[in-house]
Structures are given as structure tokens and as C-alpha cells.
Amino acid sequence: MTGHGVSAPKFQQIESCSGMNFELKNVTRRFGKNIAVNSVNVDIPQGQMVGVIGRSGAGKSTLLRMINRLIDPSEGNILFGDTDVSKLKGKALRDWQRDCAMIFQQFNLVPRLDVLTNVMLGRLNHRSTAKSLMNVFTREERIMAIAALERLGIEQTALQKAGTLSGGQQQRVAIARALMQDPKMVLADEPIASLDPLNAKVVMDALRDINEREGITVITNLHTLDTARAYCERIIGMAHGSVVFDGPPSELTAAAVQEIYGSDKDGAGINESMTSTSINHEKLARHAAANQSANAGDPPLAEAEAAAP
0 MTGHGVSAPK FQQIESCSGM NFELKNVTRR FGKNIAVNSV NVDIPQGQMV GVIGRSGAGK
60 STLLRMINRL IDPSEGNILF GDTDVSKLKG KALRDWQRDC AMIFQQFNLV PRLDVLTNVM
120 LGRLNHRSTA KSLMNVFTRE ERIMAIAALE RLGIEQTALQ KAGTLSGGQQ QRVAIARALM
180 QDPKMVLADE PIASLDPLNA KVVMDALRDI NEREGITVIT NLHTLDTARA YCERIIGMAH
240 GSVVFDGPPS ELTAAAVQEI YGSDKDGAGI NESMTSTSIN HEKLARHAAA NQSANAGDPP
300 LAEAEAAAP
């Protein structure tokens, strides 16, 4: 139930596109003479959670922006079922960008608007132009937005201005807005790059929940190998614009990691721990207990952290 006494709507499960693959065929993107993405071929079945890893400049963000058609490929085709996404224009392109929700590292919220309105903006491509221009939202859309915020655990922020929230809260608002689009696919471009480990876990848990409960394909760019291993059933590794690894986490060997990340300037190999933001769950549990009991005279959080291994 929502706070309005009305049963919260269930977000759609992807049934109409069940079995529809998403495919990149020889997709290339050039910026002048520089090749940012080089002849990528990938076939992703509906419902997979895919992590794209690689160094900065490997082509990860460019790849996701082409999928969403924020930028166009220089060559190749982007296919969803029988639809060639790379050729869409006008309303058909807007419909694709509605069905393919994009979550950004910097959240892309409107700071001066309240959280609830930011979430409801995810419905713009479902509405008439006149209603969109007037920002007129229906009662059902408001209930949907509150339900999305409840699902992300931040319903209490609904009337706050988005710009007053923490980074982790803002990213959850962005995910709630993506849910409002009823997408067939979610793209997350470095969604945890600016977050601390605890908030990173909350955000990744939310993306996995969307993938598992709605059956929505999730493709997320990640810098951290441990996160990709923990959350993604498939990992795509990129280096210098090309895909150099594509497989399950169990096949991501030290040699594969070396090919993806290369060597340091001094020639030393990449140590996987250098990319890690692993969370010490026992330590987090102690933090939570310390926060809950601080008012009761127990040691404060800082002391609990100092005492933790």
C-alpha cells in the first residue's frame, strides 16, 4: 500500500519482448581520426545483467550512449529484435529512449525540483506534448512515483528538493525515474563511481532487483572488478575501444584482467585489488549497530570504526 491508502501499482514485467535479443553488429564510433569504439559485436538475450569493465577511455560510456542513441554510431547496426535502433528517427527514436532508460554517473536530476516531480519526469515520453509542457501529472502517475521511491527506500524525501540529497540518494531517485519509464532495458553509466561503498551496494542491489523482478536487461559500466563479479552474470571487458573479453565472471582470469587493464607505466601488472571497492559486511553491521545505539550511551560510530579490523 502507498501512503495514500491505494495499492501500489506493480511495475511491468517484460513479457511482450521475452526472447527478443539485443545485438550490436560491427558497431564503430569515430571522433575525427580517433576510434572510440571499434567494430563491437555483442548479442545479449533479454533479461541478462551485464557489466562492462575497462580503463577510463576504453569506450564504455561511448558504447552505452550509442545504445541509447544519445550519439550515433559511425558504422554498424544496433538491433532490438527486428528493430534497427540505429536507424530510428523522430517519435520512433523517442519511444526507444523511453524503452531504454539511461542512468548517469552525475544523476541528471533537476536540483530545484522536488524529488517526486523528478521521478514523475520519467513519464514524459508516455504523455501528450501539451501535458508534458504543463507538467500536469495524473493521480496514478503520482502513486507510481511514490511506489518507486518506496521501493528504493527513499519515500521520505519525496517533497525535498533533489539538490539537497546525498549522492547515494540522488542516484536512487534517478533509478526510480528510470522505473517510471517502464523500460525494456536499463543502461547505467558508471552509476557508483562517485559513491562510497555502502551507497554503491545499495545502488547495485537496486539494479539487480530490477533485473530479477521485472526481467529487464541491465547493462552497467563499472570500474570495479569485484562489483562486476558480484552482480553481473556476464562481463564484457573493453580495451582501446574493442571487446577483449566476453563471458561469465568465472572465466575472468588474471590473464583476461591483464588484457583488459594492461600494465602500469612502470610495467607492473594490474592487481585486481587496485580496482576494488569491496564492502566489509561485518564492519558495516557494526556501523549500523553503533548508529542505533549511539543515543543509548554506547561507543559512537567513529570509535566503532576505529575498533574494527
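The numbering of the sequence shown is numbering that gives the first Met the number 0, which starts it at 0 and goes up by one.
Note that beta-carbon positions come from the ideal geometry of N, C-alpha and C, so glycine has one too.
These numbers come from a predicted model, not from an experiment.
- Out of Met65, Ala175 and Met101, the CA that lies nearest to the CA of Lys86 is found in Met65.
- When the five nearest sequence neighbours on each side are left out, the beta carbons in the same chain lying within less than 8 Å of the beta carbon of Thr156 are those of Val114, Leu148, Leu164, Gln168 and Val172, in order along the chain.
- When DSSP states are grouped into helix, strand and coil, Arg64 belongs to the helix group.
- Here the segment 28-40 makes no contact with the segment 183-199; the two share fewer than three CB pairs at distances below 8 Å.
- Judged by DSSP secondary structure, Asn76 falls outside any alpha helix (DSSP H) and instead within the beta strand (DSSP E) spanning Glu74 to Phe79.
- According to the DSSP assignment, Met19 belongs to no alpha helix (DSSP H), since it is labelled neither H nor E.
- Boundaries of the beta strand (DSSP E) around Val36: Asn33 to Ile43.
- Following the DSSP letters along the chain, one finds Gly236 inside the beta strand (DSSP E) bounded by residues Arg233 to Ala238.
- Contact holds between the segment 94-112 and the segment 173-188, because three or more Cβ pairs, one in each stretch, are under 8 Å apart.
- In chain order, Lys59, Gly236, Met237, Ala238 and Ile259 place their CB closer than 7 Å to the CB of Gly53, counting only its own chain and leaving out the 5 sequence neighbours on each side.
- With respect to the C-alpha of Gly46, the residue from Ser55, Ile215 and His222 having the closest C-alpha is Ile215.
- Contact annotation, Ile218 with Val36: C-beta distance approximately 14 Å; criterion of less than 8 Å not satisfied.
- Residue pairing from DSSP leaves Gly214 without any beta-bridge partner.
- Spatial neighbours of Ile34 in its own chain (CB-CB distance under 6 Å, excluding positions within 5 residues in sequence) are listed in chain order as Gly240.
- Its chain contains Pro110 as the residues whose beta carbon lies nearer than 6 Å to that of Gly162, once the 5 sequence neighbours on both sides are disregarded; these appear in chain order.
- Taking Asp71 as reference, the option from Gln96, Ala57, Gly56 and Gly80 with the minimal CA-CA separation is Gln96.
- Within the DSSP bridge table, the entry for Asp245 names Ile235 as partners.
- DSSP places Val202 in the helix class (H, G or I) of the three-state scheme.
- Around the beta carbon of Leu120, a 10 Å sphere encloses 16 or more other beta carbons of the protein chains shown; the residue is thus reported as buried.
- Judged by their CB atoms, Asn124 and Cys99 are not nearer to each other than the 8 Å cut-off.
- Annotation for Asp42: Asn20 and Glu22 place their beta carbon closer than 7 Å to its own, counting only its chain and skipping 5 residues before and after.
- As computed with DSSP, Ile102 is found in a beta bridge with Ala187.
- With at least 16 other beta carbons inside 10 angstroms of its own, Arg150 counts as buried.
- In the DSSP assignment, Met48 forms a beta bridge with Val217.
- The alpha carbon of Ile145 has as its nearest neighbour, out of Asn107, Thr116 and Asp81, the alpha carbon of Thr116.
- Ranking Lys24, Gly89 and Leu194 by CA distance to the CA of Thr223 puts Leu194 first.
- Following the DSSP letters along the chain, one finds Asn117 inside the alpha helix (DSSP H) bounded by residues Val114 to Met119.
- Between Gln180 and the set Ile191, Pro190 and Ile209, the nearest pair of CA atoms involves Ile209.
- By the C-beta density criterion, Glu140 is buried, having at least 16 other C-beta atoms within 10 angstroms.
- For Asn107, the secondary structure class from DSSP, reduced to helix, strand or coil, is coil.
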